[in-house]
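Heads up, the thing below is written out as structure tokens.
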Amino acid sequence: MIGIIQGLIVTLKHVLQIGNRPTVTVQYPYERMKVSPRFRGKHAVDEDACIGCGICEVNCPNGTITIVKYNTRWFPQFDLGMCLFCGLCVDVCPMNALKMTGDYELADYTRESLIYGPEKLLFKKEVNK
Amino acid sequence: METEQLLLNMGPVHPSTHGVLRFKLRMDGEIIRDCQVVMGYLHRGTEKLGEMKTYLQFVPYTDRLDYIAAMPNNYAYVKAVEELAGIEVPERAEFIRVLCMELNRVVNHLVFLGSLLLDLGASTPIMYGFREREKALQLFEMLCGARMTFNYIKPGGVREDLPEGFIPKLNEFMKDMEKRVDDYEQLINGNEIFLLRMKNIGVISAEEAVNYGMTGPSLRGSGVKYDIRRLEPYSIYPDLDFKVCSYPEGDSYARYMVRIDEMRESLHILRQVADNMPPGKAATTQRYGIAPETGIPSSVMSYFPRIFTPPPGEVYSRIEAPKGELGFYVVSDGTTKPYRIKIRSPSFCNLVAIPSMIVGLKIPDLIAAFGTIDVVLGDVDR
Amino acid sequence: MWTGDGMNAYELIVSILYSIDVYDLLLDAFRSAGMEYALRVIIVLVELAVLFGFVLITVMFLTWMERKVVAMVQSRYGPMVTGPRGLLQPVMDGIKLIGKEDIIPAGADRWIFTLAPFVVFVAALLVFIPLPFGYSLIISDLKVGLLYIIAISAVSPVAILLAGWASNNKYSLMGAMRAVAQDISYTIPLALAAIAVVVFTGSLSTVDIVNAQSGTLFGIIPKWFIFITPLGFILFLIASIAEMGRIPFDFQESEQELVAGFFTEYSGMKFAMFFLAEYAHLFAVSGIVVTLFFGGWTGPVLGNIPVQITSLIYFLIKTYAVIFFAMWLRDTVPRVRIDQLLNLGWKIMVPLALLNLLFAGFVVTAGVI
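Protein chains in written order, with the working numbering: chain A, 13 to 141; chain B, 205 to 586; chain C, 94 to 462.
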């Protein structure tokens, strides 16, 4: 009985939010948490730096990456349905052209639409002139 | 009166088998007469996969073993590879590794606490546990960009050095956590219903537990002070001050109490690590094998090659994961990929002791005892 | 404080109609058609419809409240999107459940499987008949009201057994068996604790029980039976939580052990019936606790507001306090094991209830109250 009453006190403290016990839920679609700068989400490829060497393709543990031709140059294409988001491709890139963004809302209706080609991934680094 | 024994198939889809586990129960009314554990529903062939990946590529797969606490999995594999290849790791990297592992131990025990109480029918502790876990996961996110599947500890060091403002945030978390553990103890420990459900339920003697190969908190709940951090010290554990928690009763309550105490011990270790974090590099700068020095600024791993060939040999290395002894047996044949990987997972070995604990008890006791063993099915089936 | 017999809801409606000069007109109209009884039937149907509507709205509100209380305890918000503070969430849930496929598993006994949820629901509704919601707000002031309530609440385990048996599922069967074992062992301390109150009042009528609690003890505290037989109150509360089948005594469902117990196989509207019955039962039992131990609808008179309204408000405040306690307890404690519950029922609560009865008899005989 005493133990149960003690427990009831703890839960009542939470109901009344006494002593740093605030509501912590985030109302997701309306408010979002800030992801850390190192967050490993969707990839991004630096258009100027990437040389299409294929080292990322070789090093990917899951065979996520294929090198495809885009316009006149070669770039990686990610099948995010298979991606582990381990970040090995970023680690091994000799030109430091790959990075992972904080974009984590990647759910989609078909497997095909999870294949992210260079047209979706390329970005240009701003250069100070 | 003529009665008939009832064959009850519990799982693989059942609310409290923590995933896809199946119990085949022979019931006499509510009393369990025989129990058979059927596992393998989550078998993914991780060990075989490891033979087809390079040493570095296999690290993300170890995250998927015990996904509640993935850092120790990373570390156990990496430790085996480092022993195999003779890689030296800077001190700072070891400190960061221990910090991650102990933080993950706290996370694991929080999830244990919540899911055990949820199995017993109390819906609140899991929310409290997950509330604190969220803070720890944010720390991990800050550290390596992932919340559960880290791929952070790598041969030669860790993936990236501590970010700015990490240690203050960790201190804040620890300060908060101490109070929360008090809350849990006040909410749960004295509760008469909880005591009724846990005391003298699922008793396993020390001898039997050892014979089954149980390890970790589940074994220490039977009074055996078996902790690899003390018996076969690795990393920086010899320099740290912590005590091995154990309770002699061997029942569900003892196993629960061991974990509550371990949470406090882990916080104690975390504090020591955070206070004494040495300066320096978080990854080895030793040139290894055939790889050229790339010097990419993106990662502290830049000095370490992505493909390396350890000399032929074999190594079994084990660590104290939150759930028990986690061992990796790695055989190298001198190529870039391991010849054989065998994982000795704590969940698997602890799980097989279930039938001997619960025969003669009732279904609710099976749920309670199973909850205190704390298995993750990804770890059981590999 | 009001004493005296008051009216029941039928008489109340008649008096309201009479006071606005409608009743005589209606009566004449019906009499000229030779259907005087039809008017009575219509009035009874109206009051039943009001009761039914009230119970349905209460139940919907209770499902919302349950989720909000759980959320508050667990540092969450709970439903927030549908309506203001998620208040319309039960409506959405209802729409969803109506839209679901009504599955009858192969091998189930179709008739009994379909019948069971209705029996549970009707049994839960029938409890409200002798429950005094306020001064003269009672459908029927039965002379054996308390006995009726205890008898009706013994119907639902039968329906649960039907549901569990007809589902052709081992978990359902076990849940049903547990429900029956639990109900049998808890109706006895429940009835014994209630009888102690009857010893004080000398009447089984719920209105008489409420009237007996008006006035004060020693001039300060209200003369509620909780202050006279606290032990009886605790026993009754525990027994009624067990009878409602809520955590810590929710063996009939025990989600983590028996998946969902007796309604594992139910879906769609049939599931909704069980759900509604559960919350209707929660409200009814809380109302009974209030009637027996918290003075029912009694409370200070406020100016010239009609006594029916203030008494209804007092009743609802007290009832929701009891309901909040039940929800609060549910969120704090784990579930007891079934054999431990039966031990508690037979070995501790029945002797204590008998002791309480002895105490009540002693107090009454000695003329203390």
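Glycine included, C-beta positions come from ideal geometry on N, C-alpha and C.
Please read these numbers as outputs of a predicted model, since none were measured by experiment.
Assign V293 (chain B) to buried or exposed, taking buried as 16 or more other Cβ atoms, counted over all protein chains shown, within 10 Å of its Cβ.
Buried, by the Cβ-count rule.
According to DSSP, is Y42 (chain A) part of a helix, a strand, or is it coil?
Three-state result, Y42 (chain A): coil.
Just to make sure I have the definition right: I need the residues of chain B whose C-beta is within less than 7 Å of the C-beta of Q18 (chain A). Which are they?
Those are Q390, G394, listed as they occur along chain B.
Just to confirm my understanding: we take I196 (chain C), look at its own chain, exclude 5 residues before and 5 after, and list those with CB closer than 7 Å. What are they?
S360.
Interface residues of chain C facing R33 (chain A) [CB-CB closer than 7 Å]
Chain C residues near R33 (chain A): S168.
Express the C-alpha separation of L581 (chain B) and A495 (chain B) in angstroms, rounding to a whole number.
Note that A495 (chain B) has pLDDT 47, beneath the 50 cutoff, so the model's placement of it is unreliable and the number below is only indicative. Approximately 38 Å, taken between the alpha carbons.
Spatial distance of Q209 (chain B) from S560 (chain B) (CA atoms)
When rounded, the distance between both Cα atoms is 19 Å.
Close-in-space but distant-in-sequence residues of the same chain around M94 (chain C) (CB under 6 Å, 5 per side omitted):
Confidence in M94 (chain C) is poor, its pLDDT being 35 and thus under 50, which makes the residue's placement unreliable; the coordinate value appears in the next sentence. Counting only Cβ-Cβ distances below 6 Å, and skipping sequence neighbours, we find S307.
For I302 (chain C), tell me which candidate among C:F318, C:L105, C:T175, C:S404 has the shortest Cα-Cα distance.
Among C:F318, C:L105, C:T175, C:S404, the Cα nearest to that of I302 (chain C) belongs to C:F318.
Using a C-beta to C-beta distance shorter than 9 Å, which residues of chain C count as neighbours of Q39 (chain A)?
Y170, M173, V174, listed in chain order.
K363 (chain C) versus S260 (chain C): straight-line alpha-carbon distance, rounded:
Approximately 12 Å between the Cα atoms of the pair.
To the nearest whole angstrom, what separates the beta carbons of F319 (chain B) and H222 (chain B), a pair I think is in contact under 8 Å?
According to the sequence as given, residue 319 (chain B) is Ser; it is not Phe. Taking a contact as a CB-CB distance under 8 Å, the pair S319 (chain B) and H222 (chain B) counts as one, their CB atoms being some 7 Å apart.
Look at the alpha carbon of T96 (chain C) and the alpha carbon of W157 (chain C), and state the distance between them as a whole number of angstroms.
Annotation note: pLDDT 40 at T96 (chain C) (below 50); position unreliable, coordinate value reported separately. Roughly 36 Å separates the two Cα atoms.
Sort out for me which residues DSSP pairs L375 (chain C) with in a bridge.
None, per the DSSP bridge assignment.
Listed in chain order, which residues of the region 398–429 of chain C have Cβ atoms closer than 8 Å to some Cβ of chain A?
Residues of the region 398–429 of chain C with a Cβ closer than 8 Å to any Cβ of chain A, in chain order: W421, L422, D424, T425, V426.
For G328 (chain B), go through chain A and note every residue whose CB falls closer than 7 Å to its CB, in chain order.
In the sequence as presented, Gly is not what sits at residue 328 (chain B); that position holds Thr. Residues of chain A whose Cβ lies closer than 7 Å to the Cβ of T328 (chain B) are, in chain order, T23.
I340 (chain C) versus chain B: which residues are under 9 Å apart at the beta carbon?
What I340 (chain C) touches in chain B: G325, A326, S327.
Give me the Cα-Cα distance between K527 (chain B) and V584 (chain B), rounded to the nearest whole angstrom.
For K527 (chain B) and V584 (chain B), the distance between alpha carbons rounds to 11 Å.
Which two residues bound the contiguous alpha helix (DSSP H) that contains R271 (chain C)?
Element bounds for R271 (chain C): 263–294.
Put S48 (chain A) into one of helix, strand or coil per three-state DSSP.
Note: S48 (chain A) maps to coil in three-state DSSP.
DSSP on F123 (chain C), reduced to helix/strand/coil?
Collapsing the DSSP output to three states places F123 (chain C) in a helix.
Please list the segments of the alpha helix (DSSP H) lying wholly inside the region 350–394 of chain B, counting only runs of 4 or more residues, in order along the chain.
For the region 350–394 of chain B, whole alpha helix (DSSP H) runs of length 4 or above, ordered along the chain, are 370–388.
Please list the terminal residues of the continuous alpha helix (DSSP H) segment that includes I242 (chain C).
Residue range 238–246 is occupied by the alpha helix (DSSP H) that includes I242 (chain C).
Residues in the region 152–165 of chain C with C-beta within 8 Å of chain B's C-beta atoms, listed in sequence order?
Of all residues in the region 152–165 of chain C, V163 have a Cβ within less than 8 Å of some Cβ in chain B.
For S333 (chain C), count the other beta carbons within 10 Å of its own beta carbon; 16 or more makes it buried, fewer makes it exposed. Which is it?
With 16 or more Cβ atoms within 10 Å of its Cβ, S333 (chain C) is classed as buried.
Relative to chain B, which residues along the region 65–94 of chain A have a C-beta separation below 7 Å, given in chain order?
Within the region 65–94 of chain A, the residues whose Cβ lies closer than 7 Å to some Cβ of chain B are N71, P73, listed in chain order.
Ordered along the chain, which non-local residues of its own chain (more than five positions away) have a Cβ less than 7 Å from that of A109 (chain A)?
Closer than 7 Å at Cβ, skipping near neighbours: V57, D58, A61, C62.
V300 (chain C) versus I402 (chain C) - alpha carbon distance:
The straight-line gap from Cα to Cα measures roughly 17 Å.
Might you give, ordered along the chain, the residues of its own chain that have their beta carbon closer than 6 Å to the beta carbon of I272 (chain B), omitting 5 neighbours on each side?
Answer for I272 (chain B): N312, V315, V580, listed in chain order.
Inter-residue spacing [alpha-carbon to alpha-carbon] between S502 (chain B) and R50 (chain A)
In this predicted model, S502 (chain B) has a pLDDT of only 45, less than 50, meaning its place in the structure is not dependable; the value taken from the coordinates is given anyway. Each residue's Cα considered, the two are about 11 Å apart.
Within chain B, partners of E358 (chain C) - CB distance below 9 Å
Going along chain B, no residue has its Cβ under 9 Å from E358 (chain C), so there is no contact; the nearest lies around 14 Å.
Taking C-beta to C-beta, are G417 (chain B) and Y451 (chain B) nearer than 7 Å?
Contact check for G417 (chain B) against Y451 (chain B) fails: the beta carbons are separated by 7 Å or more.
If we ignore side chains and look at the alpha-carbon of each, how far apart do L391 (chain B) and L126 (chain A) end up?
So the two alpha carbons sit approximately 45 Å from each other.
What ranges does the alpha helix (DSSP H) occupy inside the region 61–125 of chain A, keeping only unbroken runs of at least 4 residues that lie completely in it?
67–71, 100–104, all fully within the region 61–125 of chain A.
DSSP-derived helix/strand/coil call for K527 (chain B):
If DSSP states are grouped into helix, strand and coil, K527 (chain B) belongs with coil.
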